[in-house]
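In the working numbering, the protein residues as written are 7 to 193.
In C-alpha cells form, the structure reads like this:
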C-alpha cells in the first residue's frame, strides 16, 4: 500500500494498493541494510505510464523538517504491507475486493459498516466465518446506537422545533439547546 500521494491524477495516492514485483538496489549497496533505490510495483488502479509490464518505480523519498531549530530529515520508501488494514485505515478507500473480519464484537457502532462498505459490489466482499448475523442485530442494543436514537426521538417530540435550511445542510433546532444537523443531500 502506498503511504503518500505521489501523482493524484493517475491513482498514485495514499492507500493505493498493488503488488511488489522487484526491489532494486544500487550496485555495491548492502541488502537489506541499505534502502533500495526503487521498488517496482504493479498498482491495481494506476492509469499513468509504466516502465515495463505495468510496473511503476516507487523511489525513496526524503522528508525534511525543523524541530526546535534543528534540521531533521528522514528517507524512506513510502510503502507498507497491506495484507490487512484496520477499518480506520480503510475509510475513504474503494476496493474491488475485501475479506472483512470484525471479530466477535463491534467495539464502536458503525465500524462493521465502514469495513463492509469499502467494496464496490457484494461479489467482492467475503465475510470472515467468525462473523455472525447477531453482530449486526446487536447494534440496535448498543449504548451508542440507543443514545443516538433517543436524541433523534427527542427532536421529533419537541413540538416547538423549527427547521432551518441553508445551502449545505438542514438544521433542526429545538427548545432545549439540542441541535441536529443533517447533510442537505440526505434530505
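From the three backbone atoms N, C-alpha and C, an ideal C-beta is built for every residue, glycine too.
query, result
"CB-CB length for residue 62 against residue 56, believed under 8 Å", "6 Å"
"Rounded Cβ spacing between residue 64 and residue 83 (contact assumed at less than 8 Å)", "6 Å"
"Own chain partners of residue 13 with C-beta closer than 7 Å, once the 5 adjacent residues on each side are dropped", "54"
"Beta bridge counterpart(s) of residue 49 as assigned by DSSP", "24"
"For residue 66 and residue 49, the rounded distance between their alpha carbons", "17 Å"
"Classification of residue 18 by the beta-carbon crowding that lies within 10 angstroms, buried from 16 upward", "buried"
"For residue 117 and residue 8, believed in contact at Cβ under 8 Å, the rounded distance", "Incorrect: roughly 24 Å between the Cβ atoms, too far for contact."
"Reference residue 28; option with closest CA among 128, 59, 75 and 80", "59"
"Given residue 88 as reference, the closest of 105, 123 and 72 once Cα atoms are compared", "105"
"Pair within 8 Å by beta-carbon distance, residue 132 and residue 81", "no"
"Identified DSSP bridge partners for residue 72", "77"
"Proximity of residue 120 and residue 96 at Cβ, strictly below 8 Å", "yes"
"Cβ shell of residue 68 (< 6 Å), same chain only, five flanking positions each side left out", "79 and 81"
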